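A short worksheet on the structure shown next.
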Amino acid sequence: MDDKRIIGLAVNEDYARWTHKETNPDDVSRKPEALDDMLVLDVSYGSFAGLFASSILAEMGAEVIRIEPPQGDIARKMTPYGIMINDSGLPYIVEGRNKFHITLDLIHEEGKTLLKKLVKRADVLIETFKPAYLDGLGLGYRQLRQINSGLIYCAIHSYGHFGSNAQKYGNQPDYDIIGQARGVVMSITGESELDGKVPEAYNKPLKHGNWMGWHTGGAWAAFGINAAMLYKRKTGKGQFIDSSPPEGLMAMSNYVMQYFHTAGEHMPRAGNYDYAVFPYTYEKCKDGYTFIGAYSDSSWAALCEIMNRPDLQQQFPTSKERLVPENQPIIQHEIEKFTTQYTSDELLKMITEYSRRPDKKGVVVMGRLESPKDVLTRDHWKDRKTFITLNDPGYGEVCVQNSSFKAMSRTPGRVKWVCRPIGADNDLIYQKYLAM
Amino acid sequence: MDPKESYHEFMHKLFDLGELFEKPESLKDIRVLEVCALVIGPSTCDFLAEFGAEVIKFEGQRGDNMRFVTPYDYFWKNMSLGLEIQNHNKYWVGMHLGEPKAKKLFLEFVKKSDVVVDNLTPGRMAEWGLSYKELKEINPRIIQLHVSGYGSWGPWTGRTSYDAIAQSMGGLSAITGFEERGPIKSGVWIADWITGLMCSIGILSALNYRERTGEGQFIDYLQVENVIRWLDWTWLYAFKTGKDRKRSGNRDLSICPSDLFDCVDGWVALAAFSEEEFRGLCKAMNRLDLYAVYTDPLERLKDENARELLKAISEWSRTKRVAEVEALGSKYGFAASRVLKASDAYYSEHYRERGAIQEYEDALYGDMVQHCYPPRLSETPSRLKWGCRPLGFDNEYIFTTILNMSLEEIKKLKQKGIIFKWNPKVPSQGPPPDWDGSKGVRYRG
Chain A
1 MDDKRIIGLA VNEDYARWTH KETNPDDVSR KPEALDDMLV LDVSYGSFAG LFASSILAEM
61 GAEVIRIEPP QGDIARKMTP YGIMINDSGL PYIVEGRNKF HITLDLIHEE GKTLLKKLVK
121 RADVLIETFK PAYLDGLGLG YRQLRQINSG LIYCAIHSYG HFGSNAQKYG NQPDYDIIGQ
181 ARGVVMSITG ESELDGKVPE AYNKPLKHGN WMGWHTGGAW AAFGINAAML YKRKTGKGQF
241 IDSSPPEGLM AMSNYVMQYF HTAGEHMPRA GNYDYAVFPY TYEKCKDGYT FIGAYSDSSW
301 AALCEIMNRP DLQQQFPTSK ERLVPENQPI IQHEIEKFTT QYTSDELLKM ITEYSRRPDK
361 KGVVVMGRLE SPKDVLTRDH WKDRKTFITL NDPGYGEVCV QNSSFKAMSR TPGRVKWVCR
421 PIGADNDLIY QKYLAM
Chain B
437 MDPKESYHEF MHKLFDLGEL FEKPESLKDI RVLEVCALVI GPSTCDFLAE FGAEVIKFEG
497 QRGDNMRFVT PYDYFWKNMS LGLEIQNHNK YWVGMHLGEP KAKKLFLEFV KKSDVVVDNL
557 TPGRMAEWGL SYKELKEINP RIIQLHVSGY GSWGPWTGRT SYDAIAQSMG GLSAITGFEE
617 RGPIKSGVWI ADWITGLMCS IGILSALNYR ERTGEGQFID YLQVENVIRW LDWTWLYAFK
677 TGKDRKRSGN RDLSICPSDL FDCVDGWVAL AAFSEEEFRG LCKAMNRLDL YAVYTDPLER
737 LKDENARELL KAISEWSRTK RVAEVEALGS KYGFAASRVL KASDAYYSEH YRERGAIQEY
797 EDALYGDMVQ HCYPPRLSET PSRLKWGCRP LGFDNEYIFT TILNMSLEEI KKLKQKGIIF
857 KWNPKVPSQG PPPDWDGSKG VRYRG
């Protein structure tokens, strides 16, 4: 690869070259896998939290057996506008990675017996049913730990499997939107409550565009499984992991809980404003939107100089003034008067040139607001192999996000195949583990 | 198993919070050196710390920048709330690793540690002679993770990233917001938090591998790439259709119905995708005619059908109270919930019973109520022990117990300016104003 593309804007070029050598994506398949001694049973149903958790483990080399009912997991049908490729929607194809897909009917006695046989050999079982559902079938933690005391049993559900709501709301299924709604973050995400220009119809909480609730619940599950696995390697003991997606997001709710505890008040929905750092916001520009960060007093002074607006700096000289909620829409709209005259590339150029001036007052940071199609064209992501495009025997030409763990020098994460049709690995797995 | 015991009784016992501090910790013997500031790196280490890792945090003279980032410039007992949120159970050392003598001391710590985490500019640690190349010479078992916006190499390495940049550069902002409106950034530093979480998973996997083989490794983690990884069907959709994924407010384009609906007294998040759940919803609405037309989940996802159906639900929900819809959800087996605010979570009996919200007495700050990191583990649960600390607060404790130095030697290091503590003129570096000089101190001088 061209050396310039490796060193980019590195402060230490040798370091960049060395890390490239150590984490070169072209070498991934020649390296070992971190978790390839683990057997994971993913019996999740209709949940991308479960699927994301097992994806993370599968990217790290764990053998993941996806266990679906004979008609397939309904998660295969969760797909934008109903777009299907053969038996699967787009999201399922993304998270089917590296998993063996078998079918098993847990309601029938024979199915239960087969699952128990697999559990004997397994390190981990992931499930996303309503609390006590598997227990009712005789396949809960109470029963399974009798046949495998080292089993790590991971349950993912909005209300968890214990605590008063587990009973009160235990008959409700788990969904991403519930994870987001109960995770506190949604209450402060959305258009600004304090900007009078926002029409009433939009003055409400807003979810993240992606399945943030499910991804968070799934990632926390994978975190817990990894921690429990480390403990198991030392003690031989398994345990129950209860991952509730709302708690996963609540754990990321910035300082809202501390603010309530110490000041007794709520943070409002800030929209693109920010009550701890400002300006730190998206601004309209000629060709879309751009991020501008100039929140320390020195960088704010720099931004005002770039905009040639000394009056603004005088009006809001310190963060004290800039963090007053009522001032933020004013500052925002004043900056926008400037940014809307330029494209985001022109703005970036201007700010970069200013940052090289010896008499600069501070550093302003900018970033483009990229559309998905923009992202797919960037050299940086091509060089880092952020996406992989391949021709899958079951699903044709596909492009999916690669493992984000692929720059581990010794045991990089990887995607070996994208997905498998319902029951495609029945023969393989039943022969391998049950000699059938 | 006791056949008379209900599942809920069994689970309640299994997770008995009364035994929280008697239970072991899964990361008890893992020592982590944190060379981090702001959110990603400190959160990575915080997640490990609440599950038992011993995290030693190194700060420069000014301290972690989060000492100065707090809502409305509000400091509580001199504490910056922005610092507190991703710094628990840690030990605090004031020492700048760019100083050659400090570097030597740091290498002594590396010998006795398992993990080093930094989120400085990529290459900064190398400039100081502390890249993985050097660290593994001293300790081949060491795991070093570096996290930055764009990683340690590539055309964009070295570019500054903030949370909101990662949201915008990774495509999250473009797909977040209402259909007819502009993009909206998350109400929290979500790209930082989710990246910190994935970094800690990378570290745990590397620890698992090391447990098997004795080998450490270097991990380069990219914040913006992490955002990309979390955007489910965005990329495959663009690849297959040539179109950008649209913003759709609270409506889920892949699950129908799944949206936020207006009620008489607020909003309710509601979802019912399977035939059975959807039938339950239609029954609750007394609209089995809708079920007859839209039985098939895939039919419901077609844009026109989805809009019609969501409209019908919203006309119904407007006549209901939030609690009514929640109760109907439980009765008929579909998902329905209010949007929780901080106070709802803070006072939630459920979250407290689970240890998701924990109350504890901090030696410096008194009574604290905070969330404790998930997931809940039955044998090795996470726990809160203490919160953030003044700059250099644990210098003496750490240098005596880990490097086995005498207090006299430590004094000399301090005189030479190699290690340091808070500057009394900078309140948010220091202890509460009424600190008595001994509360929370862990060594006997």
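Those protein sequences? They're chains A and B, same order as listed. Residues in the first sequence are numbered consecutively from 1, following our numbering. Residues in the second sequence are numbered consecutively from 437, following our numbering. Just so it is clear, CB atoms sit at the ideal spot from N, CA and C, and this is done for glycine as well. Computed from a predicted structure; not experimentally measured.
Under 7 Å, do residue 776 (chain B) and residue 182 (chain A) count as touching if we go by C-beta distance?
What you label residue 776 (chain B) is simply residue 340 of the second sequence in a count that begins at 1. What you label residue 182 (chain A) is simply residue 182 of the first sequence in a count that begins at 1. Cβ distance < 7 Å, so residue 776 (chain B) and residue 182 (chain A) count as in contact.
For residue 725 (chain B) and chain A, any beta-carbon pair shorter than 7 Å?
Walking along the second sequence from the start, residue 725 (chain B) turns up at place 289. Judged by the 7 Å Cβ criterion, residue 725 (chain B) is not in contact with chain A.
If the criterion is Cβ atoms closer than 7 Å, does the pair residue 448 (chain B) and residue 162 (chain A) meet it?
Sequence index remark: in the second sequence, residue 448 (chain B) carries index 12 (1-based). Sequence index remark: in the first sequence, residue 162 (chain A) carries index 162 (1-based). Taking 7 Å as the cut-off, the beta carbon of residue 448 (chain B) is found closer than this to the beta carbon of residue 162 (chain A).
Could you check whether residue 54 (chain A) and residue 156 (chain A) sit closer than 7 Å to each other, using their CB atoms as the reference points?
Here the question's residue 156 (chain A) lines up with position 156 in the first sequence. Here the question's residue 54 (chain A) lines up with position 54 in the first sequence. For the pair residue 156 (chain A) and residue 54 (chain A), the CB atoms are not nearer than the 7 Å cut-off.
Closest to residue 211 (chain A) by CA distance: which of A:365, A:1 and A:48 is it?
In the first sequence, counting from the first residue as 1, residue 211 (chain A) sits at position 211. Of the candidates A:365, A:1 and A:48, the one whose C-alpha sits nearest the C-alpha of residue 211 (chain A) is A:48.
Would you decide whether residue 672 (chain B) is buried or exposed? Buried here means 16 or more other CB atoms lie within 10 Å of its CB.
One-based indexing of the second sequence puts residue 672 (chain B) at position 236. Its Cβ being crowded by 16 or more others within 10 Å, residue 672 (chain B) is buried.
With residue 415 (chain A) and residue 403 (chain A) assumed to form a contact (beta carbons below 8 Å), what rounded beta-carbon distance in angstroms separates them?
For this step, residue 415 (chain A) is matched to residue 415 along the first sequence. For this step, residue 403 (chain A) is matched to residue 403 along the first sequence. At roughly 6 Å, the Cβ-Cβ gap stays under 8 Å, so residue 415 (chain A) and residue 403 (chain A) are in contact.
Are residue 292 (chain A) and residue 366 (chain A) close, meaning C-beta to C-beta below 7 Å?
Residue mapping note: residue 292 (chain A) aligns to position 292 of the first sequence, counting from 1. Residue mapping note: residue 366 (chain A) aligns to position 366 of the first sequence, counting from 1. The answer is yes: Cβ separation under 7 Å.
If you run the structure through DSSP and keep just helix, strand and coil, what is residue 413 (chain A)?
Position 413 of the first sequence, counted from the start, is the residue given in the question as residue 413 (chain A). Of the three classes helix, strand and coil, the one that applies to residue 413 (chain A) here is coil, per DSSP.
Is the region 653-669 of chain B touching the region 83-98 of chain A, taking contact as three or more C-beta pairs under 8 Å?
yes
For the 8 Å Cβ check, are there 3 or more pairs between the region 171-181 of chain A and the region 578-593 of chain B?
When Cβ pairs closer than 8 Å are counted between the two stretches, the region 171-181 of chain A is seen not to touch the region 578-593 of chain B, the count staying below three.
Between which two residues does the alpha helix (DSSP H) containing residue 486 (chain B) stretch?
Residue mapping note: residue 486 (chain B) aligns to position 50 of the second sequence, counting from 1. That run of the alpha helix (DSSP H) goes 476-486.
Taking buried to mean at least 16 other C-beta atoms within 10 Å of its own C-beta, is residue 648 (chain B) buried or exposed?
The sequence position of residue 648 (chain B) within the second sequence is 212, counting from 1. Note on residue 648 (chain B): under 16 other CB atoms within 10 angstroms of its CB, so exposed under the neighbour-count rule.
Ignore the nearest five residues each way along the sequence and tell me which others in residue 538 (chain B)'s own chain have a CB closer than 8 Å to its CB.
Reading the second sequence from its first residue, position 102 is the one you call residue 538 (chain B). Within the same chain, residue 538 (chain B) has close Cβ partners 531, 532, 854 and 855.
Would you report the Cα separation of residue 45 (chain A) and residue 68 (chain A), rounded to the nearest angstrom?
To locate residue 45 (chain A), count along the first sequence from 1; it is residue 45. To locate residue 68 (chain A), count along the first sequence from 1; it is residue 68. Looking at the two C-alpha atoms, the distance is approximately 8 Å.
Does any residue of chain A have a CB that is nearer than 7 Å to the CB of residue 471 (chain B)?
Indexing the second sequence from 1 puts residue 471 (chain B) at position 35. False, the Cβ-Cβ gap to chain A never drops below 7 Å.
Which of the three DSSP states is assigned to residue 767 (chain B) in this structure?
One-based indexing of the second sequence puts residue 767 (chain B) at position 331. Helix.
Run down chain B in chain order and give the residues with a C-beta less than 8 Å from the C-beta of residue 323 (chain A).
Position 323 of the first sequence holds residue 323 (chain A). For residue 323 (chain A), the chain B residues whose C-beta falls within less than 8 Å of its own C-beta are 507, 508 and 509, listed in chain order.
Under 7 Å between the Cβ atoms of residue 158 (chain A) and residue 246 (chain A)?
Sequence index remark: in the first sequence, residue 158 (chain A) carries index 158 (1-based). Sequence index remark: in the first sequence, residue 246 (chain A) carries index 246 (1-based). In contact: residue 158 (chain A) and residue 246 (chain A) (Cβ atoms closer than 7 Å).
Taking residue 112 (chain A) as the query, report the chain B residues whose CB atoms sit under 9 Å from its CB, ordered along the chain.
Sequence index remark: in the first sequence, residue 112 (chain A) carries index 112 (1-based). Per Cβ cutoff of 9 Å: no residues; residue 112 (chain A) is ~16 Å from chain B at best.
Within the region 213-294 of chain A, note down every full beta strand (DSSP E) run reaching 3 residues or more, in order along the chain.
The region 213-294 of chain A contains these whole beta strand (DSSP E) runs: 239-243, 280-285 and 288-293.
For residue 101 (chain A) versus residue 420 (chain A), is the C-beta spacing smaller than 7 Å?
Locating residue 101 (chain A) in the first sequence gives position 101, counting from the first residue. Locating residue 420 (chain A) in the first sequence gives position 420, counting from the first residue. It is a contact, given that the beta carbons lie within the stated cut-off.
Which residues mark the beginning and the end of the beta strand (DSSP E) in which residue 350 (chain A) is found?
What you label residue 350 (chain A) is simply residue 350 of the first sequence in a count that begins at 1. Run containing residue 350 (chain A): none in the beta strand (DSSP E); it sits in the alpha helix (DSSP H), 344-355.
Quick test of your reading: residue 243 (chain A) and residue 811 (chain B), contact by CB under 8 Å. State the CB separation rounded to the nearest angstrom.
Counting from 1 along the first sequence, the entry for residue 243 (chain A) is found at position 243. Counting from 1 along the second sequence, the entry for residue 811 (chain B) is found at position 375. Their Cβ separation, rounded to whole angstroms, is 4 Å, which keeps residue 243 (chain A) and residue 811 (chain B) in contact under 8 Å.
Going by C-alpha to C-alpha distance, which of B:788, B:676, B:490 and B:709 sits closest to residue 74 (chain A)?
Residue 74 (chain A) sits at position 74 when you count from the first residue of the first sequence. Nearest C-alpha to residue 74 (chain A): B:709.
Quick one: what does DSSP say residue 694 (chain B) is sitting in, helix, strand or coil?
For the purposes of this step, residue 694 (chain B) is taken as the residue at position 258 of the second sequence. Three-state result, residue 694 (chain B): strand.
Opposite residue 397 (chain A) in the DSSP bridges: which residues?
As a first step, residue 397 (chain A) must be located in the first sequence, where it is residue number 397. According to DSSP, residue 397 (chain A) bridges with A:391.
Please state if the CB of residue 602 (chain B) and the CB of residue 660 (chain B) are separated by a distance shorter than 7 Å.
In the second sequence, counting from the first residue as 1, residue 660 (chain B) sits at position 224. In the second sequence, counting from the first residue as 1, residue 602 (chain B) sits at position 166. Taking 7 Å as the Cβ cut-off, residue 660 (chain B) and residue 602 (chain B) qualify as a contacting pair.
Less than 7 Å between C-beta atoms, sequence neighbours within five positions excluded: which residues of the same chain meet that for residue 646 (chain B)?
Counted from its first residue, the second sequence places residue 646 (chain B) at position 210. Around residue 646 (chain B): 577, 579 and 652.
Return the first residue and the last residue of the alpha helix (DSSP H) that residue 383 (chain A) is part of.
For the purposes of this step, residue 383 (chain A) is taken as the residue at position 383 of the first sequence. From DSSP, the alpha helix (DSSP H) with residue 383 (chain A) extends over 379-383.
Does residue 208 (chain A) come out as helix, strand or coil in the three-state DSSP assignment?
Here residue 208 (chain A) refers to the residue found at position 208 of the first sequence. Coil, per DSSP.
Would you please state the rounded distance, in angstroms, between the beta carbons of residue 695 (chain B) and residue 687 (chain B)? I believe it to be under 8 Å.
Against the second sequence, residue 695 (chain B) aligns to sequence position 259. Against the second sequence, residue 687 (chain B) aligns to sequence position 251. Rounded, the Cβ-Cβ distance is 5 Å, consistent with contact.
Which full runs of the alpha helix (DSSP H) of 4+ residues lie inside the region 556-580 of chain B, going along the chain?
560-563 and 568-574
For residue 84 (chain A), write down the residues that DSSP places opposite it in a beta bridge.
In the first sequence, the residue the question calls residue 84 (chain A) occupies position 84. Residue 84 (chain A) pairs with A:89.
Three-state secondary structure (DSSP) at residue 492 (chain A)?
Examination of residue 492 (chain A) is not possible in this model, given that chain A is present from 1 through 436 alone.
Go through the region 760-845 of chain B residue by residue and report every complete run of the alpha helix (DSSP H) that reaches 4 residues or more, in order.
778-783, 785-789 and 831-837
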